Amino acid sequence: MYQFLFKYPTAGVSKMLLPNHDFTTVRGGDNIDFFPPRRTFVGHEAEMQEEETELDRAEDRVEEEVHVDKELGEPNCYYFEEYGARRMNPSVIAAHKRIGLLQKFNKWQEKAMKKMQKSMDKMVSKIKTLEKKVKGSSSKRSKATPTSQFLRSRSVLTQLSRTFCSGTPQSLVI
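One rule links them: number in the working numbering = place in the sequence shown (from 1) + 164.
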């Protein structure tokens with residue numbers, strides 16, 4: 165088990181034991197909903213007896229303060245501040261910051277790619293409908309070819325070729 169140090173709206177800096185599956189849920193693998201009740205905190209047992217009205221007011225304030233980050237389209241309240249231990253190496257802290265930036269960039273890039281894929285799918289469907297229209301109009305033209313007045317009928321031509329190929333003299337009727 166781990167202790168998670170975070171800032172709670174009414175209690176200030178608080179600690180909670182993790183993992184706590186009852187009060188931490190992951191929605192779609194992207195965000196974590198985290199608003200545990202005060203009874204799950206470590207070290208705040210005496211303060212649990214405060215009135216419920218104060219807790220309700222704090223919950224209302226937190227809901228009002230949530231604003232959506234326009235770049236990512238997600239509320240900022242889901243991103244936690246890094247907890248820096250006393251003995252943590254500065255290079256480790258810098259690495260964690262860069263990893264966080266990369267994760268935010270990857271989310272933005274994924275959304276941009278999905279948007280581009282949707283537009284590409286729309287273009288492909290439009291191209292296919294245009295191809296069908298072009299094929300339909302070209303097949304109508306090929307069926308409607310004008311017949312010439314000077315062309316003989318096919319039956320006469322086949323009759324002539326049979327006469328010449330048979331080798332026996334017959335009278336030719338045209």
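Glycine is no exception: its CB is placed at the ideal position from the N, C-alpha and C atoms.
Note that this is a predicted model, so its numbers are computed, not measured.
- [ ] For methionine 277, name the three-state secondary structure that DSSP assigns.
- [x] Along the sequence shown, one-based indexing puts residue 277 at 113. Helix.
Open item on the list: By DSSP's criteria, lysine 179 is part of a beta bridge. Which residues make up the other side?
Closed with: In the sequence shown, counting from the first residue as 1, residue 179 sits at position 15. Per DSSP, Leu169, Val206.
Open item on the list: Going by DSSP in three states, asparagine 270 sits in which element: helix, strand or coil?
Closed with: Taking the sequence shown and counting its residues from 1, one reaches residue 270 at position 106. Here asparagine 270 sits in helix by DSSP.
Open item on the list: Using the three-state DSSP reduction, which class does proline 254 fall into: helix, strand or coil?
Closed with: Translated into the one-based positions of the sequence shown, residue 254 becomes position 90. DSSP places proline 254 in the helix class (H, G or I) of the three-state scheme.
Task: Cβ-based burial, serine 301 [other Cβ within 10 Å; buried from 16] - done: On the sequence shown, position 137 is the one that residue 301 refers to. By the Cβ-count criterion, serine 301 is exposed, with fewer than 16 other Cβ atoms from all chains shown falling within 10 Å of its own Cβ.
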